[in-house]
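Structure first, then comments.
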Amino acid sequence: MGAVARVRTFAPLAMVGLLAGCGDALDRHPQTMFESEGPAARTIQNLSVPVFAAAGVVFVIILAACLLVPLKFRAKDDDDFDEIPKQVHGNTRLEITWTIVPALIMAVVGVATVVTIFDLSADAEEGALKVEVIGQQWWWEYRYDLDGDGKFDEITTANDLVIPAERDIDLTITARDVIHSFWAPKLNGKRDAVPGREHPWSIEADQPGEYLGQCTEYCGLAHADMRIKVIALSEEDFAIWAEGQQEAARRYGESDTSPAAEGYRVFTQQLCSSCHVINGVNAGNRERFTPNGRIKDRSLQVSGYAPDLTHLMSRTTFAGGKFLLRKATPFCEALGVDWADDPEGRARCLNRAALEAWLRNPPAQKPMAPDQETEGIVGQLNPMTEPIGARGMPNLELSEDQIDQLVADLETLE
Amino acid sequence: MSLTPTEAGPLALPTGNGRGPARNPLGVFSRPRTTTGWRSWVTTVDHKKIGIMYGAAALVFFVIGGIEALLIRVQLATPSGQLLSADLYNQVFTMHGTTMVFLVVMPIGSALMNYLIPLQIGARDVAFPRLNAFGFWVFLAGGLMLNSSWLLGHAPDGGWFNYAPNNGVAFSPHHGIDFWNMGLIMTGLASLTGAINLIVTCLNMRAPGMTLMKMPVFTWMALVTQFLLLFAIPVLTSAQFLLMFDRLFGANFFNVEAGADPLLWEHLFWIFGHPEVYIMILPAFGVVSEIIPVFSRKPLFGYPFMVFSGIAIGFMGWGVWAHHMFASGIGPISVAAFSVSTMFIAVPTGVKVLNWLATMWGGKLRFSTPMLFAIGLVSMFTIGGLSGVTHAVSPSDTQQTDTYYIVAHFHYVLFGGALLGFLGGFYFWWPKAFGYALDDKLGKVNFWVILIGFNMTFGPMHILGLQGMPRRIYTYSDGYGFNFWNFVSTIGAFIIALAVVMFFANIVVSRRRARAAAKVMAADPWDGRSLEWMVPSPTPEHNFDEVPVITQFDDFWHRKYGEDDKGRPVRIAATADVVQTGDATDVHLPSPSYWPLVLAAGLPIVGYGLIYNLWLCLVGGLFVIAAIYGLTLEPASDDEAPHDHGGHGPAGDDTTTGAEAAPEQEAALVD
Chain A
1 MGAVARVRTF APLAMVGLLA GCGDALDRHP QTMFESEGPA ARTIQNLSVP
51 VFAAAGVVFV IILAACLLVP LKFRAKDDDD FDEIPKQVHG NTRLEITWTI
101 VPALIMAVVG VATVVTIFDL SADAEEGALK VEVIGQQWWW EYRYDLDGDG
151 KFDEITTAND LVIPAERDID LTITARDVIH SFWAPKLNGK RDAVPGREHP
201 WSIEADQPGE YLGQCTEYCG LAHADMRIKV IALSEEDFAI WAEGQQEAAR
251 RYGESDTSPA AEGYRVFTQQ LCSSCHVING VNAGNRERFT PNGRIKDRSL
301 QVSGYAPDLT HLMSRTTFAG GKFLLRKATP FCEALGVDWA DDPEGRARCL
351 NRAALEAWLR NPPAQKPMAP DQETEGIVGQ LNPMTEPIGA RGMPNLELSE
401 DQIDQLVADL ETLE
Chain B
1 MSLTPTEAGP LALPTGNGRG PARNPLGVFS RPRTTTGWRS WVTTVDHKKI
51 GIMYGAAALV FFVIGGIEAL LIRVQLATPS GQLLSADLYN QVFTMHGTTM
101 VFLVVMPIGS ALMNYLIPLQ IGARDVAFPR LNAFGFWVFL AGGLMLNSSW
151 LLGHAPDGGW FNYAPNNGVA FSPHHGIDFW NMGLIMTGLA SLTGAINLIV
201 TCLNMRAPGM TLMKMPVFTW MALVTQFLLL FAIPVLTSAQ FLLMFDRLFG
251 ANFFNVEAGA DPLLWEHLFW IFGHPEVYIM ILPAFGVVSE IIPVFSRKPL
301 FGYPFMVFSG IAIGFMGWGV WAHHMFASGI GPISVAAFSV STMFIAVPTG
351 VKVLNWLATM WGGKLRFSTP MLFAIGLVSM FTIGGLSGVT HAVSPSDTQQ
401 TDTYYIVAHF HYVLFGGALL GFLGGFYFWW PKAFGYALDD KLGKVNFWVI
451 LIGFNMTFGP MHILGLQGMP RRIYTYSDGY GFNFWNFVST IGAFIIALAV
501 VMFFANIVVS RRRARAAAKV MAADPWDGRS LEWMVPSPTP EHNFDEVPVI
551 TQFDDFWHRK YGEDDKGRPV RIAATADVVQ TGDATDVHLP SPSYWPLVLA
601 AGLPIVGYGL IYNLWLCLVG GLFVIAAIYG LTLEPASDDE APHDHGGHGP
651 AGDDTTTGAE AAPEQEAALV D
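Those sequence lines, one after another, are chains A and B. Residue 265 in our numbering is what sits at position 265 of the first sequence, and the numbering runs on without skipping anything. Residue 33 in our numbering is what sits at position 33 of the second sequence, and the numbering runs on without skipping anything.
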């Protein structure tokens, strides 16, 4: 936050601020809009800081006037009530002045704003990485077009948007159910994800790092839990990550009785595999999924999709970004997206307790509407909307053994 | 109904004369005649009683909306709050916003406008008194129906803006959104009929000599507000009808899979929604434009500028709606156009602030409670206005929108602006409406407590928003730096709650004290400037004994004060000699009627029918049609009723009126 902006932000609160200067000084503000770490966010910040400063100046002048004018002209106790102040009805010249001056200030701000609007809406740079960003209740999916054929079909992932640093990322933002909004404040402002529309947007990170954000258009129950994390890697690391993401998961033979193989069978035989896709396991099941992974049975999931789990262990969060998959220790964070590549990383960094709790009863962990509603529902007169499908992950009533086996299987999806 | 003045004066309303239509239409009711007791309230067509009922209902809803606000603040006081589930939280924040906008700020405006417009323009009632009564009852029916959703399973949870397609059955399978639809269609009817009524009143029923440019600024702002309502409400109502057909009959107006574009709803909603902002704030601007001159003892600085800036806001308010949609994906040209138009709407608003300050400049200011609230509005609204300018800078807005920075902004506008203004208005006009003043000392404490609580609640939200806390989230996590200011904000909310309790306590205490003292309230306790101070307090049922003839702006003040030979203002007449005594002879007022209430009662039956069982719609529909016939066939006035309505104060107030001898106090400010 720039010094001037700080004045603007804190000035209205001078009174309260005095009480509370110490408060959050030590806290991080991962979503602040005054610490830009990418060109778009910086362009915005360069515009908004002077505007905030100008507003701050006006604020000080008017508030001072609101305080001083009444004090200066207050009636004294010994005033004669019948002595009446001069009856001034107005002053046209003065009033025209204070109509024109603000209009001129606004014109200056207006020009700067319009210039910035068109700066920011410029087409993506040559060589930009194309990613489709898709919002649904209540998680984000990211699909990559690496070969430039216009189809976002090379990589499908969720929650963490992994990008190369110092490269323009050309986003196409859309949604599959209701309106959401994509926002990583340190990289750019927000852009709504609207079903049926494709909105261009671009982000770029100055350097490798993790940038937080969240859905900012109210989208129902778990709107608060629909988080965003952009992970910027160096070009080399990104290339490695991208290659790894395109590999299929392994299958297990009938005779394999390892916990992971048992978990694999839980996955394929329980309801899991009707919604979640794992490349190399059930991705090609044309009875259940369309070629791009849409669940054919609408009642299973209104949006038609569940997060692709093929490379679950390369993500740092799960359940729409609500929970950490990779523990928040310095050791684990230093491993980046590769935290689960070796057994030691998995053993030390997998947030096993959270994952198990999730599998035990997902709707208890995150507000969702996983059951088809049957009572007290609109629609007896509305044939178009029946049946009302599930939104979010249901409780599958797994046994503790099954949960252990599933985790063992999921752990291998690096 | 003819509005042509008759020999009884320009304000007499046409009578039924006993010829023509039946006296007891449909043979159901005998004509109500009582002027006291509860029946006089439910059958009243008196603009003052209707105004008071609007105010009372709005205050009840204010308490409900306030409790919802406290629930929100407790939930967010600490990270991972556990008080409310996400589902309940979404209902609570939706109902808080909807209640405060449609059932609190708008009807408080209606209360003041209903009560004051006829008084300020020298009229005996509004143009269509029974329509006015219908407006109130249908507002109440809408508000009650909306809130009945709490008791019938599930309150609306789509936000007050209720975006498509989240408002569709697939994503909001409960009836909450249907209650939202039906309830607000009804309150919309109230606004629409009220708009037509008050526009006609302002244009046709002004006292002789009161040209438009001599109208008090409150009435002017009310007139602009009513024009905004007239054009804005139908947009919302249309959108709600489309949504109703979508939800109940599968009409597919907003169904994306059937090819609909969800931006249609956004546009419709905000084409209503932005004028709505001015609908809420302009009446409050009018209130302070009355209060500041009286307590500065100077005329309003730049009356024509104040009027025309209000009109300019009214016009420009239609060209800025898409600034609510800067992140929605509309193209850069639209964004640029709406950015610039939004910036320029700040200009007339700024003019108002500076003119208020100039009105105080050179005056002799008395800091009675209404004046404190008025200065509170000027300063707090300025903060909201300035943060508004930062939203007009659309690139910056793509960072701020849908964060708590916006929540801070509009609470500074609607609480720091509209609500502080309205509270000031209550303190200012309370003696006129009820015949006793609210205690000034308690009022001042009330003001400071509310000012501190307000800034403590909403000030920190600026910081939270800029630190990246989104709106409409039922919880937030530790580690985002949101903890401290959220906690401060919650403490502030309880301070506001304390201030609200103090306001109600002030009413009780002051009323009790006034009854014990049995003093007659002066007609003009503040040394006022406009016509409402010319009639006794409380206002007699017939308003004016005789209609004043107006020669200039602030006519009443100029009856008290003139100029000496050096051009200095001097008193030329004692207040007691220029105010009226409340002594009416042969005043003919419109008669009370049951039909407005009956008509309004039919509509929620249709509403519940649409939700639960279509047969009920038939019952409700017959009810409505019968009531329309009854209302139409009933003569406007009951010629068998006694004609002398003079001297009756509002029912339940047994204080003597000015007609009787008790000598009036000189203006209270003198002592």
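Virtual Cβ for every residue (Gly too), placed ideally from N, Cα, C.
About 6 Å separates the beta carbon of residue 394 of chain B from that of residue 113 of chain A, a gap short enough to meet the 8 Å contact definition. Non-local beta-carbon contacts of residue 551 of chain B in its own chain, meaning distances under 7 Å to residues more than five positions away in sequence, involve 209 in chain order.
In this structure the region 393-408 of chain B touches the region 465-479 of chain B; the number of beta carbon pairs closer than 8 Å is three or more. About 6 Å separates the Cβ atoms of residue 44 of chain A and residue 396 of chain B, confirming a contact at the 8 Å cut-off.
Look at residue 181 of chain A: its C-beta is under 8 Å from a C-beta on chain B.
Secondary structure in the region 113-150 of chain B: the alpha helix (DSSP H) runs of 4 residues or longer, each lying completely within the stretch, are 129-148 in chain order. In the three-state DSSP reduction, residue 231 of chain A falls in the strand class (E or B).
Secondary structure note for residue 72 of chain A: its alpha helix (DSSP H) is the uninterrupted segment 39-72. Listed along chain A are 48, 51, 52 and 55, each with a C-beta nearer than 8 Å to that of residue 390 of chain B. At a Cβ-Cβ threshold of 8 Å, residue 363 of chain A and residue 395 of chain A count as neighbours. Taking CB atoms only, residue 321 of chain A has no neighbour in chain B less than 8 Å away. The beta-carbon of residue 303 of chain B is placed less than 8 Å from the nearest beta-carbon of chain A. Within 7 Å of the CB of residue 288 of chain B, no CB atom of chain A is found; the nearest one sits about 12 Å away. Here DSSP, grouped into helix, strand and coil, assigns residue 595 of chain B to helix. For residue 479 of chain B, the closest of A:328, A:83, A:137 and A:182 by C-alpha to C-alpha distance is A:328.
With a threshold of 8 Å between beta carbons, residue 399 of chain B makes contact with chain A. Taking 8 Å as the cut-off, the beta carbon of residue 278 of chain A is found closer than this to the beta carbon of residue 249 of chain A.
In the DSSP annotation of this structure, the continuous segment of the beta strand (DSSP E) that includes residue 144 of chain A starts and ends at 139-145. In the three-state reduction of the DSSP assignment, residue 330 of chain B falls in the coil class, being assigned neither a helical nor a strand state. Contacts with chain B at 8 Å (Cβ-Cβ) do not include residue 301 of chain A. Linking residue 213 of chain A to residue 133 of chain A through their CA atoms gives a straight-line distance of about 14 Å. In this model, residue 48 of chain A and residue 405 of chain A are separated by some 52 Å (Cα to Cα). Each residue's CA atom was taken as its position, placing residue 263 of chain B and residue 322 of chain B some 11 Å apart. Annotation for residue 190 of chain A: 181, 182, 183 and 216 place their beta carbon closer than 7 Å to its own, counting only its chain and skipping 5 residues before and after. Residues of the region 63-90 of chain A with a Cβ closer than 7 Å to any Cβ of chain B, in chain order: 63, 65, 66, 69, 70, 73, 74, 75, 79, 81, 82, 84, 85, 86, 87, 88, 89 and 90. B:119 is the residue among B:452, B:107, B:104 and B:119 whose C-alpha sits nearest the C-alpha of residue 541 of chain B.
Neighbours of residue 87 of chain B across chain A, judged by C-beta separation under 7 Å: 221 and 367. Residue 289 of chain B carries a helical assignment under DSSP once its states are collapsed to helix, strand and coil. Rounded to the nearest angstrom, the gap between the Cα atoms of residue 62 of chain A and residue 135 of chain A is 44 Å. In summary, residue 350 of chain A is buried, with 16 or more beta-carbon neighbours lying within 10 Å of its beta-carbon over all protein chains present. Taking 8 Å as the Cβ-Cβ cut-off, the region 270-295 of chain A has no residue approaching chain B. By alpha-carbon distance to residue 349 of chain B, the top candidate from B:307, B:331 and B:529 is B:307. C-alpha of residue 442 of chain B to C-alpha of residue 502 of chain B: approximately 8 Å in a straight line.
Listed along chain A, the residues sitting closer than 7 Å to residue 298 of chain B by beta-carbon distance are 85, 87 and 88.
With a 10 Å radius around the Cβ and a threshold of 16 neighbouring Cβ atoms, residue 285 of chain A comes out exposed. Of all residues in the region 328-358 of chain A, only 328 place a beta-carbon less than 9 Å from a beta-carbon of chain B.
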